[in-house]
Amino acid sequence: MQTNQNISDSNAVNAAALAATGEVSIRTRDLDLFYGDFQALFGVSVDIKPGIITSLIGPSGCGKTPLLRSFNRINERYGNVTTNGEISILGKNIYDADVSLPELRKSVGMVFQRPNPLPISIYDNIVFGLRAHTPRGELKRGMDLDEVVESALREVQLWEATKNKLKDKATSLTLEQQQKLCIARLLPLKPRIILMDEPCSALDADGIERVEELINELRERFTIVMVTHNMGQAKRASDECIYMYLGKIIEHSSTAELFLNPKEEQTAMYIEGRYG
890 MQTNQNISDS NAVNAAALAA TGEVSIRTRD LDLFYGDFQA LFGVSVDIKP GIITSLIGPS
950 GCGKTPLLRS FNRINERYGN VTTNGEISIL GKNIYDADVS LPELRKSVGM VFQRPNPLPI
1010 SIYDNIVFGL RAHTPRGELK RGMDLDEVVE SALREVQLWE ATKNKLKDKA TSLTLEQQQK
1070 LCIARLLPLK PRIILMDEPC SALDADGIER VEELINELRE RFTIVMVTHN MGQAKRASDE
1130 CIYMYLGKII EHSSTAELFL NPKEEQTAMY IEGRYG
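See the structure below:
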């Protein structure tokens, strides 16, 4: 059986190459999730492919964010959470006793609805996770942190804007730049999966466009799962969509098929704006 160490050590595998093998990145089977006595998810079974962007859509309260947060178990920070069923990340059940939560969250990164840079410098934001997860001796021996920072910022198209102010507080950046920084600080940890909970909801139209362009550029290297209420964004930015309602998956198909020819009446009603 694959161990948690396998999950994080296999980061170098290109997501598009993995997709070509027919593998899945995330698999749930009969997943129920409760916050105390409230049941948020009901029997959710889904396969999410690598190398594409999958959007979770549906009306408020339908279970999108609880499902997203279950993939790296970060929902356990939000209260009395219990689950039944199975979630597998790259073939490993994340509820197995040998799973390390820090290692899981290193492999399955998260970008939140509002940018949340740490109140420290731009430079220190990028290396924060690396310092937390890497033994100090290894950092001293062979890792050029300046190179790590430049590489991450270049990848999110922030290097030119920040290269002369790396010691400035990250909170001095625009909201768009802060959100890009939050993506950049995941990259040194080499995640396999990036979860995005409405990553553009705090941005203006220009910022949305630029962050969507960035997400599109990252798609082949990562499995990207995104919650969005913006139907235009779901159509533009995702390859597949999962429509949820009342804690259940109603329909999962290619984005084009779901928007042009939904199989379920509930999906059609939502897409056409008849509720939600």
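According to this note's numbering, the sequence shown is numbered sequentially starting from 890. Backbone N, C-alpha and C fix where the C-beta goes; we use that ideal spot for every residue, glycine too. Since the model is a prediction, treat every value here as computed from it, not as a measurement.
Candidates the options: which alpha carbon is nearest residue i's?
i	options	result
L1084	G932, S959, Q928	S959
N1105	H1022, I1009, E1044	E1044
V844	L1107, E1129, E1109	Examination of residue 844 is not possible in this model, given that the chain is present from 890 through 1165 alone.
L1103	K1069, G1136, F1111, A1094	K1069
L1064	A1041, F923, R918, I1097	I1097
R969	G980, L990, S989, D926	The residue you asked about is not Arg; residue 969 is Asn in the sequence shown. Out of G980, L990, S989, D926, D926 has the C-alpha closest to the C-alpha of N969.
G974	P1008, S934, L1062	S934
S914	P1077, I1082, E992	I1082
P1008	S1142, K1056, I983	K1056
P1077	L1047, T1023, K1054	T1023
I942	E1154, Y1159, Q1122	Q1122
R994	Y1012, D985, G1018	G1018
R1099	K1052, L1047, D985, T1060	L1047
K1054	D1095, M1032, Y1012	Y1012
For residue i, count neighbouring C-beta atoms within 10 Å of its own C-beta (all shown protein chains included) and say buried if the count is 16 or more, exposed if not.
i	result
D1086	buried
N961	buried
L1062	buried
G1162	exposed
A1021	exposed
Y967	exposed
N964	buried
N895	Note that N895 scores 47 on pLDDT, short of 50, meaning its location in the model is unreliable; the coordinates nonetheless yield the value given after this. Exposed, since its Cβ has fewer than 16 Cβ neighbours within 10 Å.
With a threshold of 6 Å on Cβ separation, who are the neighbours of residue i within its own chain once the five nearest residues in sequence on each side are excluded?
i	result
T892	Note that T892 has pLDDT 40, beneath the 50 cutoff, so the model's placement of it is unreliable and the number below is only indicative. Around T892: no qualifying Cβ.
A1091	R1003, L1064
F923	T971
F1001	D1086
S1143	E1129
S944	M1115, T1117, A1123, S1127, C1130
V1037	P1077
Y984	none
Can you check whether the CB of residue j is closer than 8 Å to the CB of residue i?
i	j	result
Q1066	A1050	yes
N1005	C1089	no
T1112	I946	no
S989	I978	no
R1108	G940	yes
R1074	N1150	no
So, is the C-beta of residue i closer than 8 Å to a C-beta in chain C?
i	result
T1156	Protein chains in the displayed structure number just one, and chain C is not present.
Residues in its own chain within less than 7 Å of residue i by CB, not counting five upstream and five downstream?
i	result
R1125	E1101
G952	A929, L930, M1133, G1136
L1147	C1130, Y1132, E1140, T1156
R916	D936, S977
R1039	The question names Arg, yet the displayed sequence has Glu at residue 1039. Here the set comprises W1048.
L957	L945, L1084, D1086, V1114, V1116
Since residue i contacts residue j with CB under 8 Å, what's their CB separation in whole angstroms?
i	j	result
P948	L930	Between L930 and P948 the Cβ distance is about 15 Å, and since that is not below 8 Å, they are no contact.
I1131	T1156	Not really, about 10 Å apart at Cβ, beyond 8 Å.
V1016	L1034	5 Å
K1058	S1010	6 Å
Using a Cβ-Cβ cutoff of less than 8 Å, which residues in the same chain neighbour residue i once the five nearest sequence positions on both sides are dropped?
i	result
D919	G932, V933, S934, N973, G974, E975
Y1159	I946, G947, P948, Y1132, Y1134, G1165
A901	Bear in mind that the predicted position of A901 carries a pLDDT of just 42, short of 50, making it unreliable; the figure below should be weighed with that in mind. Same-chain partners within the cutoff: K1079.
M1032	L1019, T1023
Between residue i and the ligand ZN, is the CB less than 7 Å from at least one heavy atom?
i	result
F1148	In terms of ligand content, the structure shown is empty, and the ligand ZN therefore cannot be addressed.
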